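In the numbering used here, the protein residues as written are 3 to 727.
Each residue gets a CB set at the ideal place from its N, CA and C atoms; glycine is no exception.
Here the structure is a predicted model, which is why all the values come from computation and not from measurement.
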């Protein structure tokens with residue numbers, strides 16, 4: 003039915019005839035390609051089986067889609083901030099062509115592809131071109147109706163009622179489809195399938211209605227539905243519309259896309275007569291970027307296609323081209339432009355070196371492609387790349403140079419590292435905001451997320467740096483911000499925050515603005531825990547304590563590692579039994595702490611009485627049962643046995659009172675093996691007054707805040723008052 007409808011449209015409708023040029027054979031080729039071939043990963047095989055080796059469908063689709071895409075893009079050019087640096091590759095051309103045809107015919111379209119396959123970009127261009135204010139172009143294209151977008155950000159919290167309200171709004175807007183046509187955009191449709199309410203069933207019912215012609219008893223107003231997804235959804239949705247299955251680009255497509263992207267940026271810096279010469283100069287460098295990206299994409303053990311996306315590739319190209327021109331602009335002469343290998347490698351490390359293993363592979367790959375000795379490639383600290391990213395956010399072409407940041411680390415140690423080592427390197431007066439998400443079960447509802455988004459909105463308006471900690475539930479709503487989908491409203495730069503069908507426009511401040519998301523490295527590399535759509539929107543850097551160690555810190559680290567206990571317990575899995583939460587950077591974090599205290603180069607023997615010594619710190623965190631078992635092991639040497647005995651005498655705590663009396667600190671974290679429903683009681687004769695908060699009984703962050711605020715200042719000033727959480 004869809005094929006017949008589209009064939010008649012290409013042959014009879016004014017807009018369709020402009021595409022097919024009234025050629026029935028072209029109309030048939032385009033129809034078959036659009037309805038059937040787009041569903042296959044290997045389209046040429048399908049078309050060859052249908053038409054034979056001399057099939058013309060591929061050629062006609064390539065020519066027509068590029069003509070349509072180029073025409074639409076030229077009309078949208080300059081309408082939004084960031085346009086003008088786009089590669090009109092096959093993915094974008096085909097997406098735009100299919101959108102254009104399906105939206106005008108009211109046919110459900112779902113585009114499935116990895117991040118960076120131009121799904122959102124094609125929707126943005128079509129929306130701008132067929133907007134109500136673009137009357138002249140719509141008339142030239144065949145008296146087309148104006149399109150108004152109804153955007154819906156899908157998430158695991160999407161509800162059936164939200165979907166119903168969305169489609170009801172679309173029906174109200176499409177009263178006269180000849181003049182105004184609503185376009186419903188379901189972004190990240192696959193996430194809605196994770197919702198316990200299964201709102202996808204509402205979509206199924208609406209699509210069934212959409213398949214019925216507008217004539218008849220129902221007289222339902224037509225509107226178009228477009229869905230974008232990173233993975234293939236179930237067959238019930240796919241069979242109700244046209245599916246475009248985007249496959250990974252090959253080396254030829256990647257290089258062509260890189261050249262087109264570079265050329266669009268070159269046009270911003272150089273004269274028309276110089277563009278081709280400069281592009282030829284940069285082409286060899288672009289080939290090395292393509293080879294490095296393809297090598298990373300195949301390495302599943304370090305993230306592969308899950309961690310590295312086309313967005314990383316595109317931003318590597320854009321960062322490289324902008325950096326080349328920035329360096330030569332400062333010299334004042336573009337005529338003798340040469341490529342700095344250092345700039346090229348920096349761009350690759352910055353966009354592909356998301357974690358330690360990836361960074362090593364990027365340096366090795368780039369060295370091979372450029373025929374360099376890896377030993378001569380200068381090592382750049384992740385800290386310097388992070389600072390450069392934030393500083394770049396205030397440059398005129400900031401959205402081409404860099405994305406927002408994701409800092410990979412262990413737990414929340416990254417926040418401490420940023421506070422101590424990044425904040426001081428920024429300009430005075432740069433806002434520095436930290437916002438925590440919530441892990442309480444009651445805060446996973448829409449109302450709680452809305453409250454957090456209001457806090458994010460306030461922070462964005464103030465500009466500077468916004469650090470998000472444990473805020474995974476906010477990422478879907480920040481897609482447009484993280485995607486840097488900005489537009490100009492007069493002299494003000496605008497963006498949007500979306501939660502379901504609700505969209506709020508936000509005015510961005512002048513000057514630097516960067517969102518930094520903190521994420522655990524293992525979570526980011528886990529396909530089950532982190533969406534590639536989220537990862538692709540960030541420039542990723544792993545920041546470890548070991549990256550910040552100087553000579554003093556390295557000396558402290560070696561001294562800690564050479565302690566008799568850790569020489570006896572060398573394996574990580576065994577150390578994890580001794581220290582709760584131990585990981586490969588635990589001792590580096592301790593060494594950094596000692597380094598920041600200004601330890602002398604001579605590492606003296608720690609005394610147990612020193613509450614801030616290295617030995618005291620790790621002994622306080624050691625599991626008593628593991629130490630006692632080690633002490634009973636008759637095979638250990640005398641030195642290690644003495645360590646165990648000193649531990650038992652000085653560090654084994656019998657009660658909370660014992661801890662408060664012997665640990666000289668205002669803040670203590672006590673790890674116990676007590677069951678959650680048992681109360682950790684003070685002694686009857688305890689001199690401490692206390693207030694107890696049991697976290698497992700609290701449902702929301704707001705509830706915790708109210709409990710904390712209920713403690714008066716007089717109690718907090720009392721040295722014998724104790725708050726137990």
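Proximal residues to residue 404 (C-beta, below 6 Å), its chain only, five neighbours per side dropped: Stepping through the chain shown from its first residue, residue 404 is reached at position 402. Same-chain partners within the cutoff: 391, 394, 541.
Burial state of residue 718, where buried means 16 or more other Cβ atoms lie within 10 Å: For the purposes of this step, residue 718 is taken as the residue at position 716 of the chain shown. Label assigned to residue 718: exposed.
Own chain residues within Cβ distance below 6 Å of residue 756, not counting five before or after: With the chain running from 3 to 727 in the structure shown, residue 756 is simply not present.
Neighbourhood of residue 19 by C-beta distance below 6 Å, restricted to the same chain and skipping five residues each side: Along the chain shown, read from residue 1 onward, the residue named residue 19 stands at position 17. Counting only Cβ-Cβ distances below 6 Å, and skipping sequence neighbours, we find nothing.
Cβ contact (3+ pairs, closer than 8 Å) linking the stretch 439–452 and the stretch 695–706: Two segments are said to touch when three or more pairs of C-beta atoms, one from each, lie closer than 8 Å; by this definition the stretch 439–452 touches the stretch 695–706.
Classification of residue 11 by the beta-carbon crowding that lies within 10 angstroms, buried from 16 upward: Working through the chain shown from its first residue, we reach residue 11 at position 9. Buried, by the Cβ-count rule.
With 16 other Cβ atoms within 10 Å as the buried cut-off, status of residue 383: The residue given as residue 383 occupies position 381 in the chain shown. Its Cβ having fewer than 16 others within 10 Å, residue 383 is exposed.
Residue 74 versus residue 115 - alpha carbon distance: Locating residue 74 in the chain shown gives position 72, where the first residue counts as 1. Locating residue 115 in the chain shown gives position 113, where the first residue counts as 1. Between the alpha carbons of residue 74 and residue 115 lies a distance of about 22 Å.
Beta-carbon gap between residue 538 and residue 144 smaller than 8 Å: In the chain shown, residue 538 corresponds to position 536, counting from 1. In the chain shown, residue 144 corresponds to position 142, counting from 1. Against a cut-off of 8 Å, the Cβ pair of residue 144 and residue 538 comes out as no contact.
Option nearest residue 491 by Cα separation, candidates 187, 507, 133: Within the chain shown, residue 491 is the residue found at index 489, counting from 1. Per the Cα distances, 507.
N-terminal and C-terminal residue of the alpha helix (DSSP H) that residue 568 is part of: In the chain shown, the residue the question calls residue 568 occupies position 566. In this chain, the alpha helix (DSSP H) harbouring residue 568 covers 566–570.
Span of the alpha helix (DSSP H) around residue 664: For the purposes of this step, residue 664 is identified with residue 662 of the chain shown, where counting begins at 1. Counting along the chain, the alpha helix (DSSP H) containing residue 664 begins and ends at 658–664.
Nonlocal neighbours in the same chain, by C-beta distance under 6 Å from residue 227, ignoring five residues either side: By 1-based counting over the chain shown, the position of residue 227 is 225. Non-local C-beta neighbours of residue 227 in its own chain, meaning closer than 6 Å and more than five positions away in sequence, comprise 110, 186, ordered along the chain.
Contacting residues, own chain, Cβ-Cβ under 8 Å from residue 722 (five flanking each side not counted): Locating residue 722 in the chain shown gives position 720, counting from the first residue. So the list reads 689, 690, 691, once near-sequence residues are dropped.
Close beta carbons around residue 101, own chain, < 6 Å, minus the five adjacent residues each side: Against the chain shown, residue 101 aligns to sequence position 99. Excluding residues within five positions, the ones whose Cβ falls inside 6 Å are 124, 128.
When 615, 182, 263, 287 are compared against residue 600, the one with the closest alpha-carbon: In the chain shown, counting from the first residue as 1, residue 600 sits at position 598. Of the listed residues, the one whose Cα sits closest to residue 600 is 615.
For residue 725 and residue 666, the rounded distance between their alpha carbons: Counted from its first residue, the chain shown places residue 666 at position 664. Counted from its first residue, the chain shown places residue 725 at position 723. One C-alpha to the other measures close to 16 Å.
Residue 217 versus residue 201 - alpha carbon distance: The count along the chain shown starts at 1 and reaches residue 217 at position 215. The count along the chain shown starts at 1 and reaches residue 201 at position 199. Reliability fails at residue 217, whose pLDDT of 39 lies under 50, so the model's placement of it is uncertain and no value is given.
Where the beta strand (DSSP E) through residue 434 begins and ends: Here residue 434 refers to the residue found at position 432 when the chain shown is read from its first residue. If you look at residue 434, you'll find it in the beta strand (DSSP E) that goes 434–438.
Cutoff 7 Å; reference residue 260; Cβ partners in own chain excluding five residues on either side: Sequence index remark: in the chain shown, residue 260 carries index 258 (1-based). So the list reads 288, 291, 292, 319, once near-sequence residues are dropped.
Classification of residue 121 by the beta-carbon crowding that lies within 10 angstroms, buried from 16 upward: Residue 121 sits at position 119 when you count from the first residue of the chain shown. Counting the other CB atoms within 10 Å of its CB gives residue 121 a total of 16 or more, which places it among the buried residues.
As assigned by DSSP and simplified to three states, the class of residue 220: Position 218 of the chain shown, counted from the first residue, corresponds to residue 220. Summary for residue 220: the model assigns pLDDT 45, below 50, so the residue's position carries little reliability, and this model does not support an answer.
Contact check, residue 357 vs residue 267, beta carbons under 8 Å: To locate residue 357, count along the chain shown from 1; it is residue 355. To locate residue 267, count along the chain shown from 1; it is residue 265. Cβ distance not < 8 Å, so residue 357 and residue 267 don't count as in contact.
Cβ pair count under 8 Å reaching 3, the stretch 246–258 against the stretch 195–209: Not touching, per the Cβ criterion.
Residue range of the unbroken alpha helix (DSSP H) whose run includes residue 452: Stepping through the chain shown from its first residue, residue 452 is reached at position 450. For residue 452, the enclosing alpha helix (DSSP H) has its first and last residue at 448–464.
Which of helix, strand or coil DSSP assigns to residue 609: On the chain shown, residue 609 is found 607 positions in, with the first residue counted as 1. At residue 609, the pLDDT of 48 sits below 50, so the modelled position is not reliable and the matter cannot be decided from this model.
First and last residue of the uninterrupted beta strand (DSSP E) at residue 441: Working through the chain shown from its first residue, we reach residue 441 at position 439. Residue 441 -> no beta strand (DSSP E), and no H or E assigned at all.
Neighbourhood of residue 360 by C-beta distance below 7 Å, restricted to the same chain and skipping five residues each side: On the chain shown, position 358 is the one that residue 360 refers to. Here the set comprises 298, 304, 305, 354.
Delimiting residues of the beta strand (DSSP E) encompassing residue 506: To locate residue 506, count along the chain shown from 1; it is residue 504. DSSP places residue 506 inside the beta strand (DSSP E), whose first and last residues are 504–509.
8 Å contact criterion, which residue 480 and residue 414 should meet: CB distance rounded: Within the chain shown, numbered from 1, the residue matching residue 480 stands at position 478. Within the chain shown, numbered from 1, the residue matching residue 414 stands at position 412. The Cβ separation is near 20 Å, so there is no contact.
Element boundaries [beta strand (DSSP E), containing residue 426]: Start at 1 with the first residue of the chain shown, and residue 426 comes out as number 424. Run containing residue 426: none; DSSP gives neither H nor E here.
Straight-line Cα distance separating residue 240 from residue 148: For the purposes of this step, residue 148 is taken as the residue at position 146 of the chain shown. For the purposes of this step, residue 240 is taken as the residue at position 238 of the chain shown. Put simply, the backbone Cα of residue 148 is about 27 Å away from that of residue 240.
Alpha carbon of residue 469 to alpha carbon of residue 518, nearest angstrom: Taking the chain shown and counting its residues from 1, the one referred to as residue 469 is at position 467. Taking the chain shown and counting its residues from 1, the one referred to as residue 518 is at position 516. A straight line joining the alpha-carbon of residue 469 with that of residue 518 spans about 5 Å.
Beta-carbon proximity check, residue 621 vs residue 653, cutoff 8 Å: Mapped onto the chain shown, residue 621 falls at position 619. Mapped onto the chain shown, residue 653 falls at position 651. For the pair residue 621 and residue 653, the CB atoms are nearer than the 8 Å cut-off.
Cβ pair residue 623, residue 659 closer than 8 Å: For the purposes of this step, residue 623 is taken as residue 621 along the chain shown, with counting starting at 1. For the purposes of this step, residue 659 is taken as residue 657 along the chain shown, with counting starting at 1. Result no, Cβ atoms of residue 623 and residue 659 do not sit closer than 8 Å.
8 Å contact criterion, which residue 284 and residue 235 should meet: CB distance rounded: Mapped onto the chain shown, residue 284 falls at position 282. Mapped onto the chain shown, residue 235 falls at position 233. About 39 Å separates the CB atoms of residue 284 and residue 235; that is not less than 8 Å, and the two are not in contact.
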